[in-house]
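Chemist:
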Amino acid sequence: MLEGNDPAPKRRFLLKEPVRLFLASFLPFFLIGCAASFLHYYDPTTYKNLTDLKPKVAMLYETFEEEAIDLEAVRQIRLEMGQAYEYEKGKGEKNRETATQIGLILEMFSRHVQERKNKGKWSEAQIQNRWENMEEAFDIAISTERLKNKNE
35 MLEGNDPAPK RRFLLKEPVR LFLASFLPFF LIGCAASFLH YYDPTTYKNL
85 TDLKPKVAML YETFEEEAID LEAVRQIRLE MGQAYEYEKG KGEKNRETAT
135 QIGLILEMFS RHVQERKNKG KWSEAQIQNR WENMEEAFDI AISTERLKNK
185 NE
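Take the sequence shown: its position 16, counting from 1, is numbered 50 in our numbering, and each next residue is one higher.
Structure representation (structure tokens):
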């Protein structure tokens, strides 16, 4: 048989083509399946909002032992808390628990700021006490979000 007329090389190439098509067809599904194992049980935006706000509030509370109140920082934190609350509220009825918890954090923060304005600078014990309450409220909101999404 002549070298140019041998059908075997073409056949080997043809056998490889279905394998390539199979891999090209199912590789995206395989990769999506792998990526699904990295999905979060919580809403990353909610988690970021809460974990960004928590240290900002702590830093602000530390300044409450000074005479002056950093009103710009208070406004900024209120704005961010309000945005986080509206974001949570906008996610609907399934998210009522997290939205309620963030609403409680906002109310507590407002009470603390009002108390600081009306009664003057805080002692170290007051700062510690108020911060422990606020920290617990943040932790509850974070865990509420995580548990809610884990059970869905």
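C-beta: ideal position from N, C-alpha, C; glycine also.
On the criterion of 16 or more Cβ atoms from any shown chain inside 10 Å, does residue 159 qualify as buried, or is it exposed?
Modeler: Position 125 of the sequence shown holds residue 159. By the 10 Å Cβ count, residue 159 comes out exposed.
Chemist: Let me know the secondary structure DSSP gives residue 116 once reduced to three states.
Modeler: In the sequence shown, residue 116 corresponds to position 82, counting from 1. If DSSP states are grouped into helix, strand and coil, residue 116 belongs with the helices.
Chemist: Under a Cβ-count criterion, where at least 16 other Cβ atoms within 10 Å of its own Cβ denotes burial, should residue 130 be classed as buried or exposed?
Modeler: Working through the sequence shown from its first residue, we reach residue 130 at position 96. Exposed: under 16 other Cβ atoms inside 10 Å.
Chemist: In chain order, what residues of the same chain have a beta carbon less than 8 Å from the beta carbon of residue 142, not counting five sequence neighbours either side?
Modeler: Taking the sequence shown and counting its residues from 1, the one referred to as residue 142 is at position 108. Cβ neighbours of residue 142 beyond the five flanking positions: 167, 168, 171.
Chemist: If we ignore side chains and look at the alpha-carbon of each, how far apart do residue 151 and residue 176 end up?
Modeler: If you number the sequence shown from 1, residue 151 lands on position 117. If you number the sequence shown from 1, residue 176 lands on position 142. Cα to Cα, the separation comes out at about 29 Å.
Chemist: Taking just the CA atoms, how far does residue 100 sit from residue 162?
Modeler: Residue mapping note: residue 162 aligns to position 128 of the sequence shown, counting from 1. Residue mapping note: residue 100 aligns to position 66 of the sequence shown, counting from 1. When rounded, the distance between both Cα atoms is 15 Å.
Chemist: Whose C-beta lies closer than 7 Å to the C-beta of residue 79 among residues of the same chain, with five residues either side of it excluded?
Modeler: Position 45 of the sequence shown, counted from the first residue, corresponds to residue 79. Result list for residue 79: 121, in chain order.
Chemist: What is the C-beta distance between residue 124 and residue 140, in whole angstroms, given that I count them as a contact (C-beta under 8 Å)?
Modeler: To locate residue 124, count along the sequence shown from 1; it is residue 90. To locate residue 140, count along the sequence shown from 1; it is residue 106. In this structure residue 124 does not touch residue 140 by the C-beta definition: roughly 15 Å separates them, more than the 8 Å allowed.
Chemist: Suppose contacts are defined by Cβ-Cβ distances below 9 Å. Is residue 102 in contact with residue 119 by that definition?
Modeler: Taking the first residue of the sequence shown as position 1, residue 102 is located at position 68. Taking the first residue of the sequence shown as position 1, residue 119 is located at position 85. Not in contact: residue 102 and residue 119 (Cβ atoms no closer than 9 Å).
Chemist: Count the other C-beta atoms from every protein chain shown that fall within 10 angstroms of the C-beta of residue 187, then say buried if there are 16 or more, exposed otherwise.
Modeler: One cannot answer for residue 187 here, as it falls past the ends of the chain, which runs 35 to 186.
Chemist: Is any heavy atom in the ligand PLP found nearer than 8 Å to the beta carbon of residue 78?
Modeler: In the structure shown, the ligand PLP is absent, as is every other ligand, since no ligand is present at all.
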